[in-house]
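Single-structure report; data block below.
2 protein chains.
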Amino acid sequence: MFIKTLLNEDRMPTSWYNIVPDMPEGSLKPPLHPATGEPVGPDALEPLFPMSIIMQEVSPERHIDIPEEVQEIYKLWRPTPLIRAMRLERALDTPAKIYFKYEGVSPAGSHKPNTAIAQAYFNREAGIKRIATETGAGQWGSSMALATEMFGLECTVYMVKVSYDQKPYRRIMMEVWGAEVLASPTDRTNSGRKILEDDPESPGSLGIAISEASEDAATHDDCNYSLGSVLNHVLLHQTVVGEECRLQMEMAGEYPDIVIGCIGGGSNYAGLAFPFMRDKLSGEKEIEFLAAEPSSCPTVTKGAYTYDFGDTLCSTPLFLMHTLGHDFIPPGIHAGGLRYHAMAPLISAVVNQGLMDAVAYNQTEVFEAGVSFARAEGIIPAPESSHAIKATIDKALQCKEKGEEKIILFNLSGHGHFDMSAYDQFLSGNLVDYAYPEEKIRESMAKIPKMG
Amino acid sequence: MFIKTLLNEDRMPTSWYNIVPDMPEGSLKPPLHPATGEPVGPDALEPLFPMSIIMQEVSPERHIDIPEEVQEIYKLWRPTPLIRAMRLERALDTPAKIYFKYEGVSPAGSHKPNTAIAQAYFNREAGIKRIATETGAGQWGSSMALATEMFGLECTVYMVKVSYDQKPYRRIMMEVWGAEVLASPTDRTNSGRKILEDDPESPGSLGIAISEASEDAATHDDCNYSLGSVLNHVLLHQTVVGEECRLQMEMAGEYPDIVIGCIGGGSNYAGLAFPFMRDKLSGEKEIEFLAAEPSSCPTVTKGAYTYDFGDTLCSTPLFLMHTLGHDFIPPGIHAGGLRYHAMAPLISAVVNQGLMDAVAYNQTEVFEAGVSFARAEGIIPAPESSHAIKATIDKALQCKEKGEEKIILFNLSGHGHFDMSAYDQFLSGNLVDYAYPEEKIRESMAKIPKMG
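Chains as they are written, first to last, in the numbering used here: chain F, 245 to 696; chain W, 245 to 696.
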């Protein structure tokens, strides 16, 4: 019995898995134009993305080849290990077996480069010279900085000013990889200038940074925009995680009964889960799919399944998805990657079809789970990933109660090396749980446009 | 051709390699008692270390078994990958092949846990309940915190106060793993109180922290002391790195012509190099061994090979080693792990026998090499490890000049996730090279005791 199941490079999957053709008929709806209410075609996205990526966004193909150059960069750290959490099992005294796929071994420390590398490649192939993107605390920006450096592109990252000032470490990481990092709002875009005119001391927000980055891309021919989660092509690129994991579970002689992950925009969970969900959709396997989200941004557990905007400023098409309302701004929890008001349309559809469940946790119980994990397994997890750990521990304890030897698999999407001050708050007893923002959610949900 | 050569757990070495019996006769000399000048026996170390570790310190055995429980913890991250730096080769346009062994995948981010885990195990076996140790910026302390947590021991870390205040992230890491971290000087020890009496605002130093930790261990029966480099048993535990690497180079169908690493106390380099040096000592292979050190702490390149104290306060036995004088305090370079005044006696003997060479670099050229590496290979290296990268790049460029297809192997001993502010200084042009501290070295070398 191995603790780690390692996959050699020659067995790394050579295609991504697209769940779309396997979804029940009628379960997916196209994005709509906000003004006309009509389905938007691929061309609506052309100012922002290269056609190759737009075609992936709407592809009906089950398998899409991973270009060789993308595979070569993946191999700097992929395949990632599948690890049996034996010490955690023992600490919990559970009959369940716990496996986790560890994505924190990437140079940027999370699963995010899986799509950043692919997006940088397709943009370079399309003749693009520069990528503009936004980042909050820097997880996505650092992944895109890494990716553009690998393919010889320039990178402009609009980083939310308050994070730029208070959390310099990922900003420096991006600069090590050659990116230009700007504190957003900037005076380089109309969106930024407008905000600064009203409030020269604006701390910025993710919504503002998105507006700046997409304006930069839309107004410069050689520059494209890039998004780190939510969209179909992003989830597609992440399926390399689950495709590897299928092979590794087979090597370990196991098949998961429960597949767990955290969800913010939905990409890390889709990456692990969709390749297994294929077996549920085909009726071959019974599997429980469970995603964990923060109770202060309870998109799936409390949101509506309806058409809404992807951004605060109502500039994107309308997507059918779980949403708390496009102008909902969640409390400042440390799991910054899980603070999105909506959920990936594909994940939302899967929930709507009854294929998966979600559960919501407060941040102190999440950090408690993260510290237990670190003390058992060594690895200090990212606060986002600790949501998955909390759900895993709960499931493993249920197995103990019922005497069930289930196989639990979860995605450890990243390490917490850049989240130490959050751990400090937790250990010193200064971490607070935010009250469930009921009224704010009611208000923002009232502003969701009424479609169809 | 694989980029990464992965070794499965069932092939992880089950013994450490002790170079002592393979060293030329008369090349090693025993430590001496500072007062009597007589060789010290194993019993002199008993207040600080368990007998099992002391016996390793003086063992004549070539192979020493790695206990199964230690192997089990190693397997949380070991075997570590051997990686071919193909993108760096291409960037340098060199005919040389560059391989590196990556020790940054450990939960603490460096090679240090290889010995911390072993030391925690042997102490627990000896009935010890608590380990006291010192740390500067926290690399060693965090490794020991991880190790004690794994074996259910308590851990007290005396952390140099200026680092405790200015570099909180590794302090928090230690606390996540359950250690008690104290800003040294403390009022818990006579050594600490004496310093505080003279200067209540003392920023502390590694020398003071060592005195506090060893006093704590010597004055508490259930507590032992632990050291992270220099001593024979520490170098021994690190040889798991080189033993793995021998197997991996064989899998890759290669044998190194040049083996490179950074040296501070000497343990990461010995860990990689000694298992290969065996083949040079036996006359089977010609290999060039090259270690890189900072030019502001040029222990091997400028120091004397003579008996000197291991610590600033002259409380240890005298060791035959390369030394700049026991009270030499190097300038505050960012590679904190390379700021020791002396060198491991085993590494020093190997240098003295002409088996290896050393080279010294300034910190700006080291950071330049580190950034080049990060941009080619993704991984952001620790400043210590970047010394090895600089030496590797120089050798690879020599190969280019001469048209030689040499196989270069180096130890990437750790990642730089907790060194981002140093990278910030470098990228913003604010990193300085210290003048070679010639006069300070002459002064401190004048104070080396005259023995034999």
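Quick reminder that beta carbons are idealized off the backbone N, C-alpha and C, glycines included. A quick note: this is a predicted structure, and the numbers were derived from the prediction, not measured.
Collapsing the DSSP output to three states places lysine 438 of chain W in a helix.
For threonine 392 of chain F, there is no enclosing beta strand (DSSP E); the enclosing alpha helix (DSSP H) has its first and last residue at 383-394.
If you check the CB distance, proline 519 of chain W and tyrosine 261 of chain W come in under 8 Å. CA-to-CA, the gap between methionine 245 of chain W and cysteine 467 of chain W works out to about 50 Å. Proximity of the region 353-368 of chain F to the region 266-280 of chain F falls short of the contact definition, fewer than three beta-carbon pairs being nearer than 8 Å. For isoleucine 416 of chain F, the residues of chain W that pass the 8 Å Cβ criterion are Met664, Ser665, Tyr667, Asp668, Leu671, in the order they occur in the chain.
The Cβ of asparagine 252 of chain W sits closer than 8 Å to at least one Cβ of chain F.
Ranked by Cα distance from glutamine 410 of chain W, the first of W/Lys438, W/Glu441, W/Ala381, W/Glu316 is W/Ala381. In the structure shown, histidine 566 of chain W falls within a strand segment according to DSSP collapsed to helix, strand and coil.
Bridge pairing for arginine 374 of chain F: F/Glu398, F/Cys467 [DSSP]. A buried status is given to methionine 417 of chain F, since no fewer than 16 other beta-carbon atoms sit within 10 Å of its beta-carbon.
Within the region 415-446 of chain W, the residues whose Cβ lies closer than 7 Å to some Cβ of chain F are Ile416, Met417, Glu419, Val420, Trp421, Gly422, listed in chain order.
Taking the Cα positions, threonine 560 of chain W is about 34 Å away from tryptophan 321 of chain W. Counting only Cβ-Cβ distances below 7 Å, valine 349 of chain F has contacts in chain W at Val349, in chain order. In terms of Cα proximity to alanine 517 of chain W, the closest of W/Ala632, W/Ala376, W/Ile297 is W/Ala632. Taken atom to atom, the span from the alpha-carbon of glycine 285 of chain W to that of glutamine 300 of chain W is near 13 Å. Using a Cβ-Cβ cut-off of 8 Å, tyrosine 413 of chain W counts as an interface residue toward chain F, since at least one Cβ of chain F sits closer than that to its own.
As a beta-bridge residue in DSSP terms, cysteine 506 of chain W pairs with W/Ala536. Rounded to whole angstroms, the gap between the alpha carbons of isoleucine 652 of chain F and asparagine 512 of chain F is 17 Å. Of all alpha-carbon atoms in F/Val503, F/Val264, F/Glu424, the one lying nearest the alpha-carbon of arginine 306 of chain F is that of F/Val264. Setting aside the 5 residues that flank it on each side, leucine 272 of chain F is surrounded in the same chain by Ala593, each with a C-beta closer than 6 Å to its C-beta; the list follows chain order. A Cβ of chain W is located within less than 8 Å of the beta carbon of arginine 619 of chain F.
In the three-state reduction of the DSSP assignment, alanine 620 of chain W falls in the helix class. By the criterion of a C-beta distance shorter than 6 Å, proline 274 of chain F is surrounded in its chain by Pro283, once the five residues flanking it on both sides are discounted. For valine 615 of chain F, the neighbours in chain W by C-beta distance under 8 Å run, in chain order, Val420. In this structure threonine 377 of chain F does not touch glutamate 347 of chain F by the C-beta definition: roughly 20 Å separates them, more than the 8 Å allowed. Look at phenylalanine 246 of chain F here: in three-state DSSP terms it is coil, with no helix or strand label. The beta carbon of lysine 248 of chain W sits closer than 8 Å to some beta carbon of chain F. Per DSSP, aspartate 668 of chain W lies in no beta strand (DSSP E) segment; the continuous alpha helix (DSSP H) that holds it begins and ends at 664-671. Inclusion of glutamate 628 of chain W and alanine 579 of chain W in the CB contact set at 8 Å is warranted, their separation being smaller than that value. Around leucine 390 of chain F, the beta-carbon contacts reaching into chain W at under 7 Å are Gly622. Scanning F/Glu369, F/Ala335, F/Lys248 for the CA closest to the CA of glutamate 313 of chain F turns up F/Glu369.
Under the Cβ criterion (8 Å, minimum of three pairs), the region 544-560 of chain F does not count as touching the region 645-663 of chain F. For lysine 319 of chain W, a Cβ of chain F is located within less than 8 Å of the residue's own Cβ.
Listed in chain order, the positions of the region 369-394 of chain F with a beta carbon within less than 9 Å of a beta carbon of chain W are Leu390, Glu393, Met394. Around histidine 661 of chain F, the beta-carbon contacts reaching into chain W at under 9 Å are Gly353, Tyr413, Met417, His659, His661, Phe662.
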